[in-house]
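Okay, structure first, notes after.
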Amino acid sequence: QVQLVESGGGLVQPGGSLRLSCAASGSIFSIGSMGWYRQAPGKPRELVATISSGGTTNYADSLKGRFTISRDNAKNTVYLQMNSLKPEDTAVYYCKHQISIVAYWGQGTQVTVSS
């Protein structure tokens, strides 16, 4: 089993940056894919970015160039660097670990972009 704990969320002004972290417990972290998703109030959860065990990344088209996902298998941690933040980026951000059809989710961290 994998337990995920997100951190790094908070309040930031438009144009600012935040780096989210997701720390995982469990020895199988390095062999699964990791992803960041977000859910704004009244909207469905949506993909932000994923990274495979080998480091291949995938991004939502609308976020390419502003967000960067990375992972450190030695620290069992995945990161999401978010730059040039906009008010529409406000959401709860969740990390996900997946191997085949088995997925684990973190509890989420709130990101609010507002002046």
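Each number in this note's numbering corresponds to the 1-based position in the sequence shown with 8 added.
Where is the CB? At the ideal position from N, CA and C, for every residue including glycine.
Between the CA atoms of residue j and residue i - distance to the nearest angstrom
{"i": "residue 92", "j": "residue 109", "result": "34 Å"}
{"i": "residue 19", "j": "residue 107", "result": "33 Å"}
{"i": "residue 95", "j": "residue 47", "result": "13 Å"}
{"i": "residue 81", "j": "residue 88", "result": "15 Å"}
{"i": "residue 7", "j": "residue 13", "result": "With the chain covering only 9 through 123, there is no way to say anything about residue 7."}
{"i": "residue 77", "j": "residue 90", "result": "9 Å"}
Pair within 8 Å by beta-carbon distance, residue i and residue j
{"i": "residue 104", "j": "residue 34", "result": "no"}
{"i": "residue 98", "j": "residue 64", "result": "no"}
{"i": "residue 102", "j": "residue 45", "result": "yes"}
{"i": "residue 10", "j": "residue 32", "result": "yes"}
Inter-residue CB distance, residue i and residue j (contact presumed, cutoff 8 Å)
{"i": "residue 41", "j": "residue 60", "result": "5 Å"}
{"i": "residue 57", "j": "residue 75", "result": "6 Å"}
Inter-stretch contact (C-beta, 8 Å, three-pair minimum) for the stretch 109-120 and the stretch 50-64: Because the criterion of three Cβ pairs below 8 Å is not met, the stretch 109-120 and the stretch 50-64 do not touch.
Complete beta strand (DSSP E) runs within the stretch 14-64 (minimum length 3 residues, chain order): For the stretch 14-64, whole beta strand (DSSP E) runs of length 3 or above, ordered along the chain, are 18-20, 26-33, 41-47 and 54-59.
Completely contained beta strand (DSSP E) runs for the stretch 87-115, where each covers 3 or more residues: Listed in chain order, they are 99-107 and 110-113.
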